[in-house]
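>
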Amino acid sequence: MENYLKGIDDKVVKKAAKIKLLITDVDGVLTDGGVIYDDHYLEFKKFNVKDGLIVKLLQKHGIKVGAITGRNSPVVRSRCEELGFDFHYHGVKDKREKLKTVLDGMDLRLDECAYIGDDLIDLPILVMVGLSVAPKDALPYIKEEVDMVSTLNGGRGVFREVADFILNSQGKLKMIINQLKEK
1117 MENYLKGIDD KVVKKAAKIK LLITDVDGVL TDGGVIYDDH YLEFKKFNVK
1167 DGLIVKLLQK HGIKVGAITG RNSPVVRSRC EELGFDFHYH GVKDKREKLK
1217 TVLDGMDLRL DECAYIGDDL IDLPILVMVG LSVAPKDALP YIKEEVDMVS
1267 TLNGGRGVFR EVADFILNSQ GKLKMIINQL KEK
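Position in the sequence shown (first residue = 1) + 1116 = my numbering.
What follows is the structure in structure tokens.
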């Protein structure tokens, strides 16, 4: 498990060790950013199941999970519900204000919050939170502003990679793996 943290700045590992809330954008993070419409204007998106698998484990180990997205999509609402996110807000134009409301309601500090985002609408949050992450294919000027850039593109397991990193930074990932091996 130590190899999992190799090459990552100690400051970033220390930031991850404090996280109690992981929030993600959706398009460009949980998806590749593409939107497909059929002839009846039904919307389709592709999600990575590995991202979903880790949500319950994060929650079981004291880390809340949420989404704040600028688009208002029934498909995304359904996915967030299916995964059991603690909260999800859609059609949000001012993510900074929404984040402040969320943290106040949960009695958490900014340094206890991680956020994954890929575009300009995410920037106000990315520069505020304790741990900020962008997918590998985020815009260059977004990647310059974050603590960590994922090794993966949006829709390819970015959320999972960040969740595993946080759990590992907190000394929980190895315990989770060992518990699952014993079952």
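In this text, a Cβ means the ideal position worked out from N, Cα and C, and glycines have one as well.
Could you tell me if Pro1251 is buried or exposed, where buried requires 16 or more neighbouring beta carbons within 10 angstroms of its beta carbon?
With 16 or more Cβ atoms within 10 Å of its Cβ, Pro1251 is classed as buried.
> On a CA-only basis, which of Val1181, Leu1215 and Glu1213 is nearest Phe1203? Give me that one, please.
Nearest C-alpha to Phe1203: Val1181.
> Pairs of beta-carbons, one from the stretch 1215 to 1227 and one from the stretch 1251 to 1263, closer than 8 Å: are there three or more?
The stretch 1215 to 1227, when compared against the stretch 1251 to 1263, does not touch it at the 8 Å Cβ threshold.
> Just how far apart, CA to CA, sit Tyr1153 and Lys1161?
Rounded to whole angstroms, Tyr1153 to Lys1161 spans 9 Å at the Cα level.
> Which same chain residues, not among the five before or five after Lys1288, have their C-beta less than 6 Å away from its C-beta?
So the qualifying residues of the chain are His1177.
> Can you tell me whether Ser1248 is helix, strand or coil according to DSSP?
Residue state, collapsed to three classes: strand.
> For Ala1254, which of helix, strand or coil comes out of DSSP?
Of the three classes helix, strand and coil, the one that applies to Ala1254 here is coil, per DSSP.
> Do you know how far the Cα of Ile1232 is from the Cα of Leu1199?
If I take the Cα positions, the gap works out to 17 Å.
> Output needed for Val1278: all residues of its chain with C-beta closer than 6 Å, excluding positions within five of it in sequence on either side, in chain order.
Within the same chain, Val1278 has close Cβ partners Ile1232 and Val1249.
> Just how far apart, CA to CA, sit Val1128 and Leu1247?
Cα to Cα, Val1128 sits roughly 7 Å from Leu1247.
> Does Val1142 come out as helix, strand or coil in the three-state DSSP assignment?
Three-state result, Val1142: coil.
> Return yes when the Cβ of Met1222 is within less than 8 Å of the Cβ of Leu1137, no when it is not.
Closer than 8 Å, so yes.
> Which partner residues of Met1264 appear in the DSSP bridge assignment?
DSSP output for Met1264 lists Val1249 as bridge partner(s).
> May I ask you to check if the CB of Leu1199 is nearer than 7 Å to at least one heavy atom of the ligand SAH?
No copy of the ligand SAH occurs in the structure displayed, which carries no ligand at all.
> Give a yes or no on whether the C-beta atoms belonging to Ile1184 and Ile1135 are separated by under 8 Å.
No, Cβ-Cβ distance for Ile1184 and Ile1135 is not below 8 Å.
> Please identify the residue among Tyr1205, Cys1196 and Gly1144 whose C-alpha is closest to the C-alpha of Gly1270.
Cα-wise, what sits closest to Gly1270 is Gly1144.
> From this set, Asp1148, Lys1130 and Val1142, which residue's C-alpha is nearest Pro1190's C-alpha?
Looking at the Cα atoms, Val1142 is the closest of the given residues.
> Taking the beta strand (DSSP E) that Ile1232 belongs to, which residues open and close that run?
Element bounds for Ile1232: Cys1229 to Ile1232.
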